[in-house]
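Chains as they are written, first to last, in full-length UniProt numbering: chain D, 1 to 479; chain B, 1 to 479. Below is one structure, written out as structure tokens, with a few remarks after it.
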């Protein structure tokens, strides 16, 4: 094997640099432990609890009946013949098939997606915001991730010897850091204000921008709302300030709004950037915006089906043509994933046969998530040295914790970041798999981790009990 | 709208450059005509025949029963309870679900795919080649396209002031030219030998490589077999020569083998690069290779489900880790698309309840494609000034044609390439939509187009009759 053509020395260096912590070394170790448990190896626990990734079904959330019936009917149209599925399921499936080539989900769709599904997305947005949306502005994609990648790609240009820069929150969802690293776009970090429920501070945005200008041409600003990994929900006032900041500095706004259905805190509400910009009037209502949405989150959690979309508004028509062209070589996203997205934006309506069950299932998931959000934050706040903002939305908590000096030193001796060290010990001792804060970014010298709130209530209670025991022992050991 | 942040002047220039002709201006015009026909506008024809894209179901091919039943059962596991689906369908679906997180296709899979499906792919390759394959070498993806993009990305590195270069055939499938343009990798063209059934000439490869070295660091060699758009099938001898060439020049071999089930010509057979390399022994059997496969082609044609994979062998383990990491931020490909791939590599076996119907459906598609392959080549060879190699495999014909000088001049006056001009006239006069050769590349001064052989036999006969009439009139007009 001497003569390998591709080695670390001569391959794309950006791919070597990029990291995606949600599937990083902790998670790889969790997979190993699972295999060892299966093979009979003894641990202090009998199963790994995967709280590392927002993967609802993997930890037991049950899919919505309506979604799955529509997808199955699109797959095997004969299922529409009998009375196995309700009439509204059949109608929905038939409508989608009527817009598919050869009436088959096996035909490629337009690169931007099946037209009727794009229209349903536009209707959903129009209704959500009370402001008309156009289906031509909607591109369906393989989850929201692919759309994020496509839009960031637009901004990737070297000019005057400097790369583009895109401002992202710290902590952030590592899709952003990974994609920016892959593209060679400068990652311009702005810190979220942990003391202020992870709000965006304009002063901090200005600081981050000035800093970034030294090494890049800042072009874009990413906001994640509701927040991943923070679990925060932005106020309308805060969004307005961010829009003004983006306008002042001519930054392309990217709003990651995939958790728009996941709002738990009393008094909190989801405000779309699009609606806020509209309400602000010109010039803000005329600004470009990309807003991302997914079938993987919310109450449906259909991660594996890979449905998602981006709505891009006010884009220069020439740029929009290029965007559409740029996705065309990838042909299209999964048509069944698009069907899942159709169910999200066009769910059963009152009076339709699937409505009652749909509402029952949806409400059960959201109510339970609300309970779990509260439980997780409250429990962590009872731990020595922990401080956890309320989980107002999304599916995560991102508590801050302090570590005894001795633990920090032992971590450093092992060549590990202290939060990585803590989280790895947690995994080895309890089977609980969370992701260290360093994977998302944090103020230097602070330590965090991200946990999902997704394990079912009973399992979550067990997990938090084991966690508490572990933490006490850990503190006793290193104090 | 004065203050747009993204314009053609300040966006990623690679995206402006890239072209994907299979969905280019001819196809956009075809879509417009379809809408005009619906709205009542009169043309010389009543429907557009889309022979521009290998989209089997869109032109009436019927999906395989077994595939769709497995996917529907994975989607709605309750369908496994009754006797609606055969026992082997239920077993297959249950086996896949047992390997999905939470036994749901709504859970993310590993980024490389569901383990049992990767294992089935490895078994399929082992059996096909008589050489053991490892599931760890298999990455499932959104069609084969995503894998092609991921592997090309590895090779993207500037060194000594020059970009990487990847050798691709001319004519080629424009996924390659589009992706290379997007990445800024130099496209190093080698011409296929049209006079010799589109074989690869080593002399031409050497010429192309020398030429490329002036402007890039050549790193990879793409071969498409069976050929798109050429319809050729390479001989084992020719593949050996190519392997020797790649070894001599330390080029990373990428074998696009998505049409491996589509072989029609008497005496032709599919030889995988992997098997040929193995049979050649060291050092060739130790060379790195990426081989791409899809659920979109073959007899199944499940384009919209977006199943595909790459097998990478003999990769440096460190490079393989980076490859796996690089796809992790995209999370995973559609799990239902992966299910489609499972059906391709693990179809019903003799004695299983679905076997007879499966064989009947599969054989019907392949026999019909064989007839159509012959019909298309024979018909074009009867046209004045046409010359069409036999369609030995894949789903396309790529005939060469000559144009009267007057037509060439009129095309130039209209600012169009002559083959584009011809193909646009064809569309406007007959509704037949094919793609000009300039979208795939051709020897300068020659003219071609690509047509699929996919319309059902009757429609194909009508299409060819209209085509013949058009061609005669066109020649009479411009001679």
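Glycine is no exception: its CB is placed at the ideal position from the N, C-alpha and C atoms. Please read these numbers as outputs of a predicted model, since none were measured by experiment.
Cα-Cα separation between residue i and residue j, rounded to whole angstroms
i, j, result
"residue 405 of chain B", "residue 477 of chain B", "11 angstroms"
"residue 125 of chain D", "residue 391 of chain D", "25 angstroms"
"residue 464 of chain B", "residue 3 of chain B", "51 angstroms"
"residue 156 of chain D", "residue 312 of chain D", "17 angstroms"
"residue 69 of chain B", "residue 91 of chain D", "20 angstroms"
"residue 241 of chain B", "residue 86 of chain D", "60 angstroms"
"residue 1 of chain B", "residue 316 of chain D", "At residue 1 of chain B the pLDDT is 48, less than 50, meaning the model places this residue with poor confidence and gives no usable figure here."
"residue 222 of chain D", "residue 444 of chain D", "21 angstroms"
"residue 461 of chain D", "residue 30 of chain D", "20 angstroms"
"residue 214 of chain D", "residue 14 of chain D", "21 angstroms"
"residue 74 of chain D", "residue 152 of chain D", "33 angstroms"
"residue 401 of chain D", "residue 417 of chain D", "14 angstroms"
"residue 351 of chain D", "residue 119 of chain D", "22 angstroms"
"residue 133 of chain B", "residue 127 of chain B", "9 angstroms"
"residue 339 of chain B", "residue 96 of chain B", "8 angstroms"
"residue 455 of chain B", "residue 19 of chain D", "46 angstroms"
"residue 89 of chain D", "residue 66 of chain D", "7 angstroms"
"residue 281 of chain D", "residue 184 of chain B", "40 angstroms"
"residue 498 of chain D", "residue 190 of chain D", "Residue 498 of chain D is absent from the model: chain D starts at 1 and stops at 479."
"residue 43 of chain B", "residue 403 of chain B", "25 angstroms"
"residue 180 of chain D", "residue 426 of chain B", "44 angstroms"
"residue 139 of chain D", "residue 111 of chain D", "8 angstroms"
"residue 300 of chain D", "residue 382 of chain D", "31 angstroms"
"residue 318 of chain D", "residue 7 of chain B", "8 angstroms"
Beta-bridge pairing of residue i - partner residues as DSSP gives them
i, result
"residue 140 of chain D", "D:309"
"residue 435 of chain D", "D:450"
"residue 199 of chain B", "B:193"
"residue 289 of chain D", "D:253, D:313"
"residue 186 of chain B", "B:165"
"residue 386 of chain B", "B:401"
"residue 408 of chain D", "Answer is none; residue 408 of chain D lacks a bridge partner."
"residue 396 of chain D", "D:452"
"residue 16 of chain B", "DSSP output for residue 16 of chain B lists no bridge partner at all."
"residue 294 of chain D", "D:308"
"residue 49 of chain B", "B:432"
From the options, residue whose alpha carbon lies closest to that of residue i
i, options, result
"residue 34 of chain B", "B:431, B:473, B:444, B:435", "B:431"
"residue 178 of chain B", "B:17, B:407, B:474", "B:17"
"residue 453 of chain D", "D:132, D:52, D:19, D:109", "D:52"
"residue 175 of chain D", "D:145, D:189, D:204", "D:145"
"residue 202 of chain D", "D:45, D:170, D:382, D:238", "D:238"
"residue 337 of chain B", "B:302, B:357, B:181", "B:302"
"residue 265 of chain B", "B:286, B:367, B:123", "B:367"
Three-state secondary structure assigned by DSSP to residue i
i, result
"residue 477 of chain D", "helix"
"residue 170 of chain D", "strand"
"residue 252 of chain D", "strand"
"residue 237 of chain B", "helix"
"residue 67 of chain B", "helix"
"residue 81 of chain B", "coil"
"residue 213 of chain D", "helix"
"residue 159 of chain D", "strand"
Residue range of the beta strand (DSSP E) that includes residue i
i, result
"residue 4 of chain B", "It is not in any beta strand (DSSP E) - residue 4 of chain B carries neither H nor E in the DSSP assignment."
"residue 217 of chain D", "217-224"
heavy atom of the ligand NAP below 6 angstroms from residue i C-beta
i, result
"residue 172 of chain D", "Although the ligand NAP was asked about, the structure shown includes no ligands whatsoever."
Endpoints, alpha helix (DSSP H) assigned at residue i
i, result
"residue 424 of chain B", "418-430"
"residue 97 of chain B", "87-98"
"residue 373 of chain B", "355-381"
"residue 326 of chain B", "317-328"
"residue 528 of chain D", "The shown model of chain D, from 1 to 479, leaves out residue 528 of chain D, and the question about it has no answer."
"residue 126 of chain D", "115-129"
"residue 336 of chain D", "335-345"
"residue 486 of chain B", "The question about residue 486 of chain B has no answer, for chain B in this structure spans 1 to 479."
"residue 391 of chain B", "Note, residue 391 of chain B: premise wrong, no alpha helix (DSSP H); not H, not E."
"residue 38 of chain D", "25-38"
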